[in-house]
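Anchor point for the sequence shown: position 156 equals 158 in this note's numbering, and the numbering is continuous, going up by one each time. Don't be surprised by glycine CBs; every beta carbon is placed ideally from N, CA and C.
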Amino acid sequence: MKSPLSNRAVVLGITGSIASYKAVDLASKLVQAGAQVDVILSRGASQFVTALTFRSFTHRPVVTDLFDPDSELAVEHVALAQRAEIVVVAPATVHTIAKLALGLADDALTTTVLATQAPVLLAPAMDGRMYEHPATRENLHKLEERGVTVVGPAEGHLASGLRGWGRMVEPGELLGHIAAVLGHKGDLAGTTVVVTAGGTQEPLDPVRVLTNRSSGKMGYAVAEAARDRGARTVLVAAPTALTDPPAVEVHHVGTALEMGAAVAKLARGVAVLVMAAAVADYRPVETAPRKVKRGKQETWTVELTRTPDILMGVEGPRVKVGFAAETEDLLSNAREKLRTKGVDLFVANDVTSPGSGFGSDTNEVIILGRDGVVEKLPLMSKYEVAHRVLDRVAKLLPARR
Ligand code: PMT
Numbered sequence: 003m004k005s006p007l008s009n010r011a012v013v014l015g016i017t018g019s020i021a022s023y024k025a026v027d028l029a030s031k032l033v034q035a036g037a038q039v040d041v042i043l044s045r046g047a048s049q050f051v052t053a054l055t056f057r058s059f060t061h062r063p064v065v066t067d068l069f070d071p072d073s074e075l076a077v078e079h080v081a082l083a084q085r086a087e088i089v090v091v092a093p094a095t096v097h098t099i100a101k102l103a104l105g106l107a108d109d110a111l112t113t114t115v116l117a118t119q120a121p122v123l124l125a126p127a128m129d130g131r132m133y134e135h136p137a138t139r140e141n142l143h144k145l146e147e148r149g150v151t152v153v154g155p156a157e158g159h160l161a162s163g164l165r166g167w168g169r170m171v172e173p174g175e176l177l178g179h180i181a182a183v184l185g186h187k188g189d190l191a192g193t194t195v196v197v198t199a200g201g202t203q204e205p206l207d208p209v210r211v212l213t214n215r216s217s218g219k220m221g222y223a224v225a226e227a228a229r230d231r232g233a234r235t236v237l238v239a240a241p242t243a244l245t246d247p248p249a250v251e252v253h254h255v256g257t258a259l260e261m262g263a264a265v266a267k268l269a270r271g272v273a274v275l276v277m278a279a280a281v282a283d284y285r286p287v288e289t290a291p292r293k294v295k296r297g298k299q300e301t302w303t304v305e306l307t308r309t310p311d312i313l314m315g316v317e318g319p320r321v322k323v324g325f326a327a328e329t330e331d332l333l334s335n336a337r338e339k340l341r342t343k344g345v346d347l348f349v350a351n352d353v354t355s356p357g358s359g360f361g362s363d364t365n366e367v368i369i370l371g372r373d374g375v376v377e378k379l380p381l382m383s384k385y386e387v388a389h390r391v392l393d394r395v396a397k398l399l400p401a402r403r
């Protein structure tokens, strides 16, 4: 599966902040994801990092001076602006932000931003007090109103030694935001996709839960794939060890009942619901208010009651997708679920098969449609499975408008 950044023309502008060292990692990650990266270094940035560093792994000329007669790109200073599919300024200093808000074009980077038709993404980095200053807030607000995507800054340790808001967002997270911006014209643009992920936890007492082996990876991959195809993506996540995917609205829940309530609210009127979560089918009738002591008794009997079926009960989504985790009779069980749960697609995975199901980065699935189409896919990454499922969803959507 190609990365959403593969062969995309990214102009990476770097301005003079101590956070410029993170831009080295960002450029490297972009190149590894297959993007064509053209770097523009401001004069201030050149104090922190060198053109040679970026040239070494982008294998492309680095622009440092608008009027450099030796730079082929500088001569035709709008060339990069025209070629760019996205212009990313990371880190964006308070000074550059102010220049961009004013529409100044006094160097190669600001000229490029002003001349481009491509979307622009800024990752601010500055001292906390500079970020809080009304001038900065106003400038950022103005840029956002013009359609610029502003990511961050994040809170944490600052170069000044203080803690606060001002840190540039980490390169890995920026990559997700860049993919989201590049995907804004994808086949799911204009739709909302709600995805569930992870295994719900049903408390027995304040320290013990009934749960299952779901890591959340499958659902998170669906959320990322939907985001990369332009959807507004909402993720309802049961507890997992995963970090929230960038540019996705995440709602954390614990129990099956909480997940049901969140889905009922968030999936009302949306285009697509994908239930990749492993929802508890049963929960304890009672949750002890205090930790149950080991005591003298040899056994502990817990009475369970059935949870409501979220997928069956939900009203609103135009296309509904379920996942079936099976350990036997994969196809017939999935067919039965497709029939009884009233959904459009069921994705069946044999969770006993190696590299498939719980916890793995890959999955081997069969996609069954209410239209009778059955697609048996080989083992592939969960992100790729997600795209194959969304290919089927995208085909169903036009008829459901
Ligand atoms: O999270 P990973 O480690 O990446 O693993 C991925 C996965 C194996 C969990 C995933 O691919 C998967 O199969 N998810 C569905 C697991 C499951 O609970 O299947 P089920 O057959 O019990 O449920 C069928 C469908 O009904 C599912 O879409 C489920 O979300 C939904 N359901 C189940 C119970 C319930 N009370 N309400 C529901 O909506």
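Supposed contact pair residue j and residue i - C-beta distance, whole angstroms, cut 8 Å
{"i": "residue 176", "j": "residue 153", "result": "6 Å"}
{"i": "residue 126", "j": "residue 155", "result": "5 Å"}
{"i": "residue 251", "j": "residue 235", "result": "7 Å"}
{"i": "residue 239", "j": "residue 218", "result": "6 Å"}
{"i": "residue 170", "j": "residue 93", "result": "5 Å"}
{"i": "residue 22", "j": "residue 47", "result": "5 Å"}
{"i": "residue 346", "j": "residue 367", "result": "Actually they are not in contact, since the Cβ atoms of residue 346 and residue 367 sit about 16 Å apart, beyond 8 Å."}
{"i": "residue 318", "j": "residue 269", "result": "5 Å"}
{"i": "residue 168", "j": "residue 128", "result": "5 Å"}
Residues sharing a beta bridge with residue i, DSSP
{"i": "residue 284", "result": "308"}
{"i": "residue 251", "result": "236"}
{"i": "residue 322", "result": "275"}
{"i": "residue 116", "result": "Residue 116 pairs with nothing; no bridge assigned."}
{"i": "residue 328", "result": "352"}
{"i": "residue 126", "result": "94"}
{"i": "residue 88", "result": "12"}
{"i": "residue 150", "result": "Paired residues: none, contrary to the question."}
{"i": "residue 106", "result": "None; residue 106 has no bridge partner."}
Cβ-Cβ distance between residue i and residue j below 8 Å
{"i": "residue 28", "j": "residue 7", "result": "no"}
{"i": "residue 124", "j": "residue 99", "result": "yes"}
{"i": "residue 350", "j": "residue 379", "result": "no"}
{"i": "residue 341", "j": "residue 309", "result": "no"}
{"i": "residue 265", "j": "residue 237", "result": "no"}
{"i": "residue 190", "j": "residue 243", "result": "no"}
{"i": "residue 188", "j": "residue 249", "result": "no"}
{"i": "residue 39", "j": "residue 60", "result": "yes"}
{"i": "residue 42", "j": "residue 110", "result": "yes"}
{"i": "residue 117", "j": "residue 64", "result": "no"}
{"i": "residue 272", "j": "residue 323", "result": "no"}
Which whole runs of the beta strand (DSSP E) in the stretch 10-55 are 3 residues long or more, in chain order?
11-16, 38-43
Segments of 4+ residues assigned as alpha helix (DSSP H) that fall wholly inside the stretch 254-279:
258-268
Report yes or no: do three or more beta-carbon pairs, one from the stretch 217-234 and one from the stretch 382-396, lie closer than 8 Å?
yes
With three or more C-beta pairs closer than 8 Å as the rule, is the stretch 54-63 touching the stretch 115-133?
no
Could you name each continuous alpha helix (DSSP H) segment of 4 residues or more that falls completely within the stretch 152-205, going from the start of the chain to the end?
173-184
Could you tell me which uninterrupted beta strand (DSSP E) segments, each at least 3 residues in length, are contained entirely in the stretch 336-387, listed from first to last along the chain?
347-352, 367-371, 376-378
Under 8 Å, with one C-beta from each stretch per pair, do the stretch 269-280 and the stretch 199-214 reach the 3-pair mark?
yes
Okay, do the stretch 312-325 and the stretch 286-302 touch, 3+ Cβ pairs below 8 Å being the bar?
no
Would the stretch 144-152 and the stretch 97-113 be scored as touching if the rule is three or more Cβ pairs under 8 Å?
yes
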